[in-house]
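Participant: Quick note, the sequence shown lines up with residues 38 to 219 if you use our numbering.
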Amino acid sequence: HLSSLGDNWFSHLEKMKPEDNVIFSLCMDKFPSPKGVRILDYGCGSGCYGLSLALKGYDVTLADLNTPIFKFLKFLCYKYKIPVKFVTCTEEYEDLQGEYDYVICTDVLEHVDEPEILLKVLISLMAKDAWMYLNTFFDDMNGLDPSHLKKNTDRFNDYQAWLCRVVHMGLSPVVRDSCGIE
Numbered sequence: 038h039l040s041s042l043g044d045n046w047f048s049h050l051e052k053m054k055p056e057d058n059v060i061f062s063l064c065m066d067k068f069p070s071p072k073g074v075r076i077l078d079y080g081c082g083s084g085c086y087g088l089s090l091a092l093k094g095y096d097v098t099l100a101d102l103n104t105p106i107f108k109f110l111k112f113l114c115y116k117y118k119i120p121v122k123f124v125t126c127t128e129e130y131e132d133l134q135g136e137y138d139y140v141i142c143t144d145v146l147e148h149v150d151e152p153e154i155l156l157k158v159l160i161s162l163m164a165k166d167a168w169m170y171l172n173t174f175f176d177d178m179n180g181l182d183p184s185h186l187k188k189n190t191d192r193f194n195d196y197q198a199w200l201c202r203v204v205h206m207g208l209s210p211v212v213r214d215s216c217g218i219e
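As C-alpha cells, then:
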C-alpha cells in the first residue's frame with residue numbers, strides 16, 4: 038500500500054556528498070551555492086541525481102517518459118514535498134522549455150531514435166556558461182540489450198567519431214572519466 042511508505046524514503050539521497058559522484062562534484066564545484074541554479078535531469082529514471090541536488094537546494098526539473106517509475110517518482114515527491122518540477126517527455130521534445138545552468142543526461146542517448154536531435158535540443162536549453170554532464174554507451178552488446186538501439190550502435194559506437202560530433206554541436210568536453218564526458 039503506497040500510503041504506508043516510511044518517511045525515510047529519500048534519506049540516502051540527503052547524505053550524498055560531492056565526492057560520491059562526478060555528477061555532484063561537477064555541479065557543486067561550478068555552482069557552490071544552489072541559490073538560483075537551474076538543473077535539468079533529462080531521462081532521470083529513478084531521479085537519484087536530480088533529487089540529491091534538489092535536496093541540497095538546487096532548482097531541479099526531472100524529465101522522462103511517462104513510465105510507471107516516473108509516475109511513482111512524482112507520487113513520492115508529492116508525498117514527501119520534495120521541491121522538484123516534472124516534465125513528461127515525448128520524442129518530439131516540445132515539452133522541454135526553459136534555460137538551465139546544468140544539464141544531466143546520463144545513459145539516455147543510446148535509447149532514443151535520433152540522439153543527435155535530442156542532444157541539440159538539450160544544448161539549446163543551456164544558459165550561457167552552462168555545463169552538461171553527458172554519459173552514453175552506444176553498444177547493444179550484440180543484441181543482449183535491445184533497449185540500446187542497434188542503429189545507434191552501428192552509427193555511434195566509435196568513441197572518437199562521437200566525440201567529434203559532440204564538439205561539432207558546440208560542446209567542449211572538459212573531463213573524460215569512466216562514466217562519461219562532462
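Ideal Cβ positions, reconstructed from N, Cα and C, are used throughout, including at glycine.
As the structure is a prediction and not an experimental result, all values here were calculated from the model.
Can you list, in chain order, the residues of its chain whose CB lies under 7 Å from that of Asp132, leaving out five sequence neighbours each side?
Facilitator: Val124, Thr125, Cys126
Participant: Asp78 and Ile160 - do their beta-carbons sit closer together than 7 Å?
Facilitator: no
Participant: Using 8 Å as the cut-off, can you tell me whether the stretch 137-152 makes contact with the stretch 166-175, which would need three or more C-beta pairs spanning the two stretches below that distance?
Facilitator: yes
Participant: With a threshold of 8 Å, are at least 3 pairs of Cβ atoms found where one atom belongs to the stretch 65-78 and the other to the stretch 96-112?
Facilitator: yes
Participant: Kindly indicate which three-state DSSP category His148 falls into: helix, strand or coil?
Facilitator: helix
Participant: If you draw a straight line from the C-alpha of Cys201 to the C-alpha of Leu208, how long is it?
Facilitator: 10 Å
Participant: Could you give the DSSP three-state label for Leu171: helix, strand or coil?
Facilitator: strand
Participant: Using 8 Å as the cut-off, can you tell me whether the stretch 100-112 makes contact with the stretch 61-74, which would need three or more C-beta pairs spanning the two stretches below that distance?
Facilitator: no
Participant: Spell out the partners DSSP gives Ala100 in its beta bridges.
Facilitator: Tyr79, Val124
Participant: Using DSSP's beta-bridge definition, name the partner residues of Val59.
Facilitator: None, per the DSSP bridge assignment.
Participant: Check this for me: beta carbons of Leu162 and Tyr130, under 7 Å apart or not?
Facilitator: no
Participant: According to the neighbour-count rule (16 or more other Cβ atoms, all chains shown, within 10 Å of its Cβ), is Gly135 buried or exposed?
Facilitator: exposed
Participant: Out of Val158, Leu90, Pro152, Met65, point me to the one whose CA is closest to Asp191's CA.
Facilitator: Pro152
Participant: Between His38 and the rest of its own chain, which residues show a CB-CB distance below 7 Å, the 5 nearest in sequence each way excluded?
Facilitator: Residue placement at His38 is poorly supported in this model, since its pLDDT is 40, which falls under 50; the coordinates still yield a value, given next. Here the set comprises nothing.
Participant: So, with DSSP's three-state summary, where would you put Lys72?
Facilitator: coil
Participant: Which same chain residues, not among the five before or five after Tyr87, have their C-beta less than 7 Å away from its C-beta?
Facilitator: The residue you asked about is not Tyr; residue 87 is Gly in the sequence shown. Residues of the same chain with a CB within less than 7 Å of the CB of Gly87, apart from the 5 flanking positions on each side, are Ile76, Asp78, Cys81, Val97, Leu99, Val121, Ile141 in chain order.
Participant: So Ser89 and Phe68 are supposed to be a Cβ contact under 8 Å. How far apart are they, rounded?
Facilitator: Incorrect: roughly 14 Å between the Cβ atoms, too far for contact.
Participant: Quick check: the Cα distance between Gly217 and Tyr115, rounded to an integer number of angstroms?
Facilitator: Because Gly217 carries a pLDDT of 47, less than 50, the predicted location of this residue cannot be relied on, and no value is offered for it.
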